[in-house]
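Every number in the working numbering is 41 more than the matching position in the sequence shown, counting from 1.
Worksheet: the structure to be examined is printed underneath.
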Amino acid sequence: MSPETVSFSLYLLAIIGLVLSLVQLGAALDLPPNLREFYDGVRAKRQCTNQLAKGFYSNESGPNTFSYCGSHLHSSGILYIQGRNGALANMDVDCDGLLGGPADDGRCRLALSPDYQNTTAFQSILASYNRGITDLNPYVHSYVVFGNTPGIGTEAWSSYDPTTHGMRPLSLMAVVCPDYRLVYGVWGDTNGNDGQRPMVGEASLSLATYCSGSPINGNSGIDEDAVLYIGFTGEEAVPGPDGADWAATSPDAFQRSLSTLGDRLVQRVQYQNGASSEARPHRTADAARLVVVVFIVVTILL
């Protein structure tokens, strides 16, 4: 094979990867009016008025002014992360869990994710579902890292267990990206105590890709503290063995399997009791995504 052929093949593979990431990016949901009002309202409020746990960092070099917020725990049955002065949280990328499979494109390889752990927090629960997988796959399953493990010994360390306020493992979560895109996920992992500080703001590679596209990898996430992580309380938020496609091999297939439950749960999110619209989310137009793909392919051929 000539050098020119090799170069063109590598170029074509890069273009195909870009096309696939655009398709995945387009599979995220447009934000319904009630959730947009909530997002804007929370940021305008500037800080949480009912901190369930505080003293967390969104960035290791930033302030420890982030908290798990329960300001809408009783009115909407939700928990979320909020900082001060309108900050929410950033999005670091979690690559923990089961790697490999058709969706594995190498963005979670050890060189990019040196703190990789081969299990997630609720691996045993997922395995008990008997759906043919032993753990979450960061390339496929959109999951959120939520809650913080207590520190070791007498060390001062902020911690929080969301189950104390009604969340359940592997329950559905909603993530609002900085550009008002909505992605569904599950509560799939917790922040450990092995770092320098108690951190918040982390999600699986597949979820981060929905928010930001293919430049995302195990060592590169979303720096802006503008991501809203919403956890839903109660058993009704748990998909269980049959409410999600746990054995999916693509992120889109898993994301679609969460849509029915997710669409129902986000309707209960209200910034002011009873004041928000409850329109259902809808997917970014497939036609628009197709136009982008066709344009790229035609450009290559020309």
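We put the CB at the ideal spot given by N, CA and C, even for glycine.
Quiz prompt | Cβ-based burial, N189 [other Cβ within 10 Å; buried from 16] | solution = buried
Quiz prompt | Paired residues, beta bridge with C110 - DSSP | solution = Q92 and Y121
Quiz item: Counting Cβ pairs closer than 8 Å, one from the region 262-275 and one from the region 145-160, do we hit at least three?
Solution: no
Quiz item: Using the beta-carbon count (16 or more within 10 Å), is E243 buried or exposed?
Solution: buried
Quiz item: Are there three or more Cβ pairs, one per stretch, closer than 8 Å when the region 200-207 is compared with the region 127-139?
Solution: no
Quiz item: Anyone know if the C-beta pair for F97 and Q123 falls short of 8 Å?
Solution: no
Self-check item: Proximity of F273 and L223 at Cβ, strictly below 8 Å
Solution: no
Exercise. Might you give, ordered along the chain, the residues of its own chain that have their beta carbon closer than 6 Å to the beta carbon of C89, omitting 5 neighbours on each side?
Key: S108, C110, S112 and Q123
Quiz prompt | Local conformation of G226 per DSSP, three classes | solution = strand
Self-check item: Three-state secondary structure assigned by DSSP to A244
Solution: strand
Quiz item: Is the beta carbon of V134 less than 8 Å from the beta carbon of I257?
Solution: yes
Quiz item: What span of residues does the beta strand (DSSP E) with D133 cover, start to end?
Solution: A130 to D135
Exercise. With a cut-off of 8 Å on the beta carbons, I'd call R309 and Y221 a contact; round off their distance for me.
Key: The pair is not a contact, with the Cβ atoms about 19 Å apart (cut-off 8 Å).
Quiz item: Span of the beta strand (DSSP E) holding E265?
Solution: Per DSSP, E265 belongs to the beta strand (DSSP E) from I263 to F273.
Quiz item: Taking just the CA atoms, how far does W287 sit from T301?
Solution: 15 Å
Quiz item: Relative to the alpha-carbon of D176, which residue among V185, A162, F187 and V186 has its alpha-carbon at the smallest distance?
Solution: A162
Quiz prompt | Cβ pair V216, L248 closer than 8 Å | solution = yes
Self-check item: Neighbourhood of D264 by C-beta, 8 Å cutoff - its chain only, sequence neighbours within 5 removed
Solution: N100 and N131
Quiz item: Does the distance from the C-beta atom of G118 to that of G275 stay below 8 Å?
Solution: yes
Quiz item: DSSP puts Y80 in a beta bridge; with which residues?
Solution: Answer is none; Y80 lacks a bridge partner.
Quiz item: Run through DSSP, which three-state label would F97 get?
Solution: strand
Practice problem: Assign N159 to one of three DSSP states: helix, strand, or coil. | Solution: coil
Practice problem: Would you tell me roughly how many angstroms separate the C-alpha atoms of A289 and D283, rounded to the nearest one? | Solution: 12 Å
Quiz item: Mind checking P239: buried by the 16 CB within 10 Å criterion, or exposed?
Solution: buried
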